[in-house]
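The structure appears below as structure tokens.
Residue numbers (this note's numbering): 8 to 207.
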């Protein structure tokens with residue numbers, strides 16, 4: 008990570024701390040689990056929720072019209088140099104490799120994803136379907152999610168699955184909790200740097 012990127016992270020730590028001090032994250036923010044977070048959002052007690060496109064399938068239509076009043080924004084773009092994707096197979100035997108390749112071609116083909124959309128219009132799939140089935144009719148909220156991703160040209164898995172420093176998800180998550188229990192942004196940054204050095 009470059010010095011400029013670390014400086015940007017440091018600014019984020021200070022912003023989070025400035026929001027934590029007056030209590031904008033609520034009481035006992037580090038004790039909030041995903042169920043509490045989602046319930047608060049459904050009931051209108053939380054202004055926003057940070058989640059993935061899969062979140063749409065779990066929104067109950069009868070909870071105070073949450074689907075109707077919820078807007079969608081896409082995640083920030085991830086720097087291409089940190090990204091990678093693709094399938095891999097073990098080299099076992101020619102026959103099994105041939106079958107594996109045939110299977111991978113099937114589950115990554117347009118017909119497969121077009122069929123998924125037709126079977127369940129609420130499923131947002133991480134693929135650009137060039138010619139969706141005309142009988143596929145997503146819900147209004149699902150359409151909001153699709154519209155927010157309409158400018159995307161590439162889709163990736165969760166970053167921790169291909170991050171060469173796989174410990175970083177827990178390292179950063181654990182360190183950030185310190186902002187809510189009295190640690191300074193500088194201490195949080197130093198903790199993250201130390202953990203990176205420990206793993207090198």
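Ideal placement from N, C-alpha and C gives every residue a C-beta, glycine not left out.
- Short of 6 angstroms from the beta carbon of residue 44, and not among the five residues preceding or following it, lies no beta carbon of its own chain.
- Looking only at 154, 125, 23, 143, the smallest Cα-Cα distance to residue 78 is reached by 154.
- Nearest to residue 37 by C-alpha distance, out of 197, 207, 181, is 181.
- For residue 26, the number of other beta carbons within 10 angstroms of its own is below 16, and it is reported as exposed.
- Classified as exposed, residue 193 has fewer than 16 neighbouring CB atoms from the shown chains inside 10 Å of its CB.
- Pairing residue 24 with residue 186 gives a Cβ-Cβ distance under 8 angstroms.
- Between residue 40 and residue 149, the alpha-carbon positions lie close to 25 angstroms from each other.
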